[in-house]
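Residue numbers (our numbering): 0 to 781. Glycine included, each C-beta is placed from N, C-alpha and C at the ideal position.
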Amino acid sequence: MGTRTQILVRGIVQGVGFRPYIYSLAKTRNLRGSILNNETGVLIDLEGRGSDIDHLIAELKKNPPPLSTIESVTRHDNLCSKSFQDFQISPSETNGRKFLPISADISTCDDCIFELFDPGNRRYQYPFVNCTNCGPRFTIIEDVPYDRDRTTMRDFEMCVKCRREYEDPLNRRFHAEPTCCSECGPSLFLSEPPAGAVGFEPHRRGDAEEGGEAGRGECVDSREIIQRALQLLADGKILAIKGIGGYHLVCDALNAEAVERLRQRKFREDKPFALMAASVDIIRQYCDVSGAEVDLLMSRERPIVLLAKKDNTSIPASIAPRVATLGFMLPHTPLHFLLFENLDKPLVMTSGNISDEPISYTDDDAAVRLSNIADYFLTNNRRIHIRTDDSIFRIAPGNARTMVARRSRGFAPAPVRTSFKFAKQILACGAELKNTFCLAKDNYAFLSHHIGNLENLETLRSFTDGIEHFKRLFDLEPEVIAYDLHPEYLSTKYALEIDAKKIGVQHHHAHIASCLVDNDATGEVIGVAMDGLGFGTDGKMWGGEFFVADFTSAERVAHLDYVPMPGGAKAIREPWRMAAVYLHTAFGEYFLKLDIPFVKELDHEKWTTIASMIASGTNCPKTSSMGRLFDAVSALLGLHSNVNYEGQAAIALETIADKTSSAAYEFNIADSGLIEPGKLVKQAVEDLIDGVSTAEVSSRFHRAVANLITNVATSIRDSRKLNRVALSGGVFQNMFLLEMTCKLLKARSFEVLTHSRVPTNDGGISLGQAAIANAQIQSGRF
């Protein structure tokens, strides 16, 4: 008879092949019993020899299915026997709850790739091959529980052969909801932009649902279509290609004319384009790639990885103007693998949108928004339910730590598991730039996919639709809404309209809290938050801040001195304004006589207008932003007087810095904690007058900021007896600054916390907001 044991496994364990995996293990060990999905995870009931049960549990912990994430395994031994005769997969049990983590979209697995290129396989060169271990998940789910009829694959009825695999517990496609083949699944189409941009004609569905999903064009063999697409790319054409989470705009990356034409049509003047290549070996022709970067490129999530660009690379400069990195990714869908099968050069693979708009993901939307950009559409009739842009990662120099610039495809909606429990269900609405939202419950923080900049109606709709989708998927109805204090953020306005209890969270406190959650840390830290700007509790625009902070409170103990931002947001788009302000602050009106190129090229009439605005306080919000100081120095050195995307001036400043230099400028730090940059500005001007190179000036500035952080942190440690420093905010996307700062802090025996699971930029704000709201609830302040 043997012993009987029940095992409850929690985590991402449904829809990822967990039941057939356990079925196979149980059969191998002659164990009897059952396995089923329930509202909390997977319940395994086993009878047999105790040693065989122990081995099964050890194996599932050591080698779980590829897409699963086991959070806990709870066992109950010595139960009364049920006299099982065999091992079987039982129907799911539910009590109406549906709170379960869902797998993200994952790159095509090795088994499916083998089938894709095996002439003897019935899925040979079928561009939608997938199985339990790979393929679309999040982007096709309409509702839960995760069954085929609640995904966009319900449009396709499985053929006899696919159904047989789907129902076979020993087959890796057992209950793989996207299972399909060329006989019963989606089809590929190649066409010119629809006439009049009215959408694609439906192929399989007689009544296309919202989004108009389908394809137009002659339905021929996919191999012919792919060869035709490759020829078009070789001819310099731009293609809109429908991917797993939306459309990409694609062209030959080595064709400078095609790249420039794409820039013009997309209205993307300078922001770097992402690239895709067939292999790491091809990427190495253009970039230096470390072992850690290889692992990241080849991970199952397949993010874009920012890599150091080689000198004299054949990649056109217009791919990433005045930037020292290139963003590369490897193929992650069957279609990509087929496109790159014999392609020995990279392709531009950039988001299918007009600059600053969200990525197109429905066919009707793509037909309208991309028809003036793309020469041809390579599309399909598998509907995408929710758009998901590519994730962007990089490896921090010095410690090979993974850093997130954008967390989206491959990662969302997998939750961030927290070391604390949320007392109530919380919706955190995030910031305006690089927006994400966060829904929190129990020990889960469901950080959304990348939404984008909430600056237009289309992105706002993506934000609100995404929130409703997450609420539905994870059975959440927020009791508390957390939001940024900035009254003009669209995310804040959305939050304030909801009929629920609300908690406003200061922007930079949220940055520090996000860093704490990212590191599973609690208690007080020295928080260093540096970014472009965030609304402060005094109504001014902060961004160069030092705190003593925990989840409950943030005491501002030091900050960069305030300067005016003439024109408000215009000062962000035109960094020369900030350079002039800092020069005026340091030298007064005498700065107009300085013998430096910036002053010689300055439009004095414009300065007269700005000086009048500053004197009267007209449209000149005060800011303590370190990001604006980076912009000012960049403009002072003649790098960028105007910018076309956020952070462009600061990126150029980092790019030119002499990384071998050791000299540094200095800030004045008052006893009150006020940090005055006047001395630094004067030192930089003196160097420029003396003919010091811009590379050296940039280096001395970067080192001054690293020294500042270290010195202020040391002063706070002396007075407050704190030894942990949390670094957060968009300024710390600067790898040169981050590496120097961490090195200096660690040399003084500080424990340094940086981001690795969520972005250090505003993409991580919503997670911090949720943690702070929870702390306020638990402390009784709310």
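Would you call residue i buried or exposed, if buried means 16 or more other Cβ atoms sit within 10 Å of its Cβ?
i, result
"E544", "buried"
"A499", "exposed"
"H174", "buried"
"E356", "buried"
"S89", "exposed"
"R215", "Confidence at R215 is low in this model, with a pLDDT of 36, below 50, so the placement of that residue should be treated as unreliable; the coordinate-derived value is given next. By the 10 Å Cβ count, R215 comes out buried."
"N29", "exposed"
"D441", "exposed"
"D594", "exposed"
"T584", "buried"
"T4", "buried"
"C179", "buried"
"K433", "buried"
"A774", "buried"
"F534", "buried"
"I688", "exposed"
"Q230", "exposed"
"E604", "exposed"
"R122", "buried"
"F116", "exposed"
"A557", "buried"
"A444", "buried"
"C108", "buried"
"A528", "buried"
"G326", "buried"
"N254", "buried"
Taking 8 Å as the threshold (C-beta atoms), are residue j and residue i in contact?
i, j, result
"L763", "H754", "Per the sequence shown, the amino acid found at residue 763 is Gly instead of Leu. Yes; because the gap between Cβ atoms is below 8 Å, this pair is in contact."
"P126", "P396", "no"
"P100", "A413", "yes"
"V249", "V347", "yes"
"V67", "Y246", "First, the residue type needs correcting, since residue 67 is Ser and not Val in the sequence shown. No, they are not a contact pair."
"G235", "E268", "no"
"Y493", "C428", "yes"
"A725", "C437", "no"
"Y22", "P64", "no"
"V632", "L601", "no"
"L707", "I674", "yes"
"V8", "G40", "yes"
"M275", "P345", "yes"
"A663", "R702", "yes"
"H448", "A404", "no"
"R31", "G47", "yes"
"I6", "I69", "no"
"I237", "I353", "no"
"E496", "Q424", "no"
Which whole-angstrom value describes the C-beta separation of residue i and residue j, a residue pair presumed to lie in contact below a C-beta threshold of 8 Å?
i, j, result
"A548", "H508", "6 Å"
"A634", "W541", "Rounded, the Cβ-Cβ distance is 21 Å, inconsistent with contact."
"T151", "H384", "5 Å"
"Q415", "A772", "The sequence as given places Val at residue 415; Gln does not occur at that position. Not a contact, Cβ separation roughly 15 Å."
"A610", "F597", "That pair is no contact at about 16 Å."
"R408", "I243", "7 Å"
"S91", "P168", "About 15 Å; that fails the 8 Å criterion."
"G729", "G587", "31 Å between Cβ atoms; not a contact."
"H506", "D537", "Contact doesn't hold; Cβ gap of about 13 Å is too wide."
"K658", "F735", "6 Å"
Any beta carbon from chain D within less than 8 Å of residue i's own beta carbon?
i, result
"G542", "Reference to chain D is not applicable here, since this structure consists of a single protein chain."
Practice item. Please confirm if the segment 317-324 is in contact with the segment 258-268, defined as three or more CB-CB distances below 8 Å between the two stretches. Key: The segment 317-324 vs the segment 258-268: in contact.
Check your understanding: Counting Cβ pairs, one atom from each stretch, are 3 or more of them under 8 Å apart for the segment 599-618 and the segment 668-680?
Key -> Segments in contact, no.
Review point. Which runs of the alpha helix (DSSP H) fall wholly inside the segment 572-600 and span at least 4 residues, in chain order?
Key: Listed in chain order, the complete alpha helix (DSSP H) runs (minimum 4 residues) inside the segment 572-600 are 575-586, 596-600.
**Study point:** Secondary structure, beta strand (DSSP E): runs of 3+ residues fully inside the segment 727-779
**Key:** You should have 750-752.
Point to revise | 4 or more residues per run - each alpha helix (DSSP H) lying fully within the segment 281-320 | key: Counting only runs of 4 or more, we get 290-296.
**Study point:** Stretch pair the segment 393-408 + the segment 335-349: three plus CB contacts closer than 8 Å
**Key:** Contact fails: fewer than three Cβ-Cβ distances are below 8 Å.
Exercise for review: Within the segment 601-675, note down every full beta strand (DSSP E) run reaching 3 residues or more, in order along the chain.
Suggested key: Within the segment 601-675, the complete beta strand (DSSP E) runs of at least 3 residues are 673-675.
Exercise for review: Ignoring anything shorter than 4 residues or poking outside the segment 59-131, list the alpha helix (DSSP H) runs there in chain order.
Suggested key: With a minimum length of 4 residues, the continuous alpha helix (DSSP H) runs that stay inside the segment 59-131 are 109-115.
Exercise for review: Report the residue ranges of all beta strand (DSSP E) runs contained in full by the segment 362-447; include only those spanning at least 3 residues, in chain order.
Suggested key: Complete beta strand (DSSP E) runs here, min 3: 375-379, 391-394, 401-405, 415-427, 437-446.
Exercise for review: For the segment 175-183 and the segment 145-164, state whether three or more C-beta atom pairs, one from each stretch, are separated by less than 8 Å.
Suggested key: With the rule of 3 Cβ pairs closer than 8 Å, the segment 175-183 counts as touching the segment 145-164.
Point to revise | Contact between the segment 739-757 and the segment 510-528 (3+ Cβ pairs under 8 Å) | key: Contact between the segment 739-757 and the segment 510-528 is present, because at least three Cβ pairs lie under 8 Å.
Check your understanding: Counting only runs that start and end within the segment 466-536, where is the beta strand (DSSP E) found for 3 or more residues in a row?
Key -> Complete beta strand (DSSP E) runs here, min 3: 479-483, 500-504, 524-534.
Point to revise | Ranges of the alpha helix (DSSP H) found wholly within the segment 158-184, counting only runs of at least 4 | key: If we require 4 residues or more, the alpha helix (DSSP H) runs fully inside the segment 158-184 come out as 159-165.
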